[in-house]
Amino acid sequence: MTLLVTLFVIVTFSLLGYYYAPRHTEEGWEVDRLRPRDPLGNLPVSHYDEQRLFRDIAAVYARREEPDDPRRGESPERRRESSA
Numbered sequence: 004m005t006l007l008v009t010l011f012v013i014v015t016f017s018l019l020g021y022y023y024a025p026r027h028t029e030e031g032w033e034v035d036r037l038r039p040r041d042p043l044g045n046l047p048v049s050h051y052d053e054q055r056l057f058r059d060i061a062a063v064y065a066r067r068e069e070p071d072d073p074r075r076g077e078s079p080e081r082r083r084e085s086s087a
């Protein structure tokens with residue numbers, strides 16, 4: 004009986020956690036997680052930590068999948084020639 008009550012409590016809390024957990028879209032969640040935070044209680048954030056966070060954000064943006072653009076990689080002169 005104790006086993007059943009324990010399993011019921013675990014399942015109940017798991018379902019509540021799943022139901023009330025915030026929903027994240029794929030776009031933006033990774034970047035928001037790495038954004039520099041305001042120091043709590045005016046604690047100084049080291050310059051190294053701040054720069055590391057900005058590099059992490061830049062890396063996330065660099066690894067995003069871009070939509071296929073057929074003109075990507077062409078020089079501006081070729082674009083002008085093909086549009087004329």
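Position one of the sequence shown corresponds to residue 4 (this note's numbering), numbered consecutively onward.
Glycine included, every Cβ here is placed at the ideal spot set by N, Cα and C.
Straight-line Cα distance separating residue j from residue i
| i | j | result |
| --- | --- | --- |
| Leu-19 | Met-4 | 23 Å |
| Leu-56 | Leu-7 | 46 Å |
| Asp-52 | Ala-62 | 15 Å |
| Tyr-21 | Val-14 | 10 Å |
| Glu-23 | Ser-17 | The identity of residue 23 in the sequence shown is Tyr, whereas the question assumes Glu. So the alpha carbons of these two residues sit roughly 10 Å apart. |
| Glu-68 | Asp-59 | 16 Å |
| His-50 | Ala-65 | 23 Å |
| Val-12 | Pro-25 | 22 Å |
Per-residue DSSP class, three states only, for residue i
| i | result |
| --- | --- |
| Glu-53 | helix |
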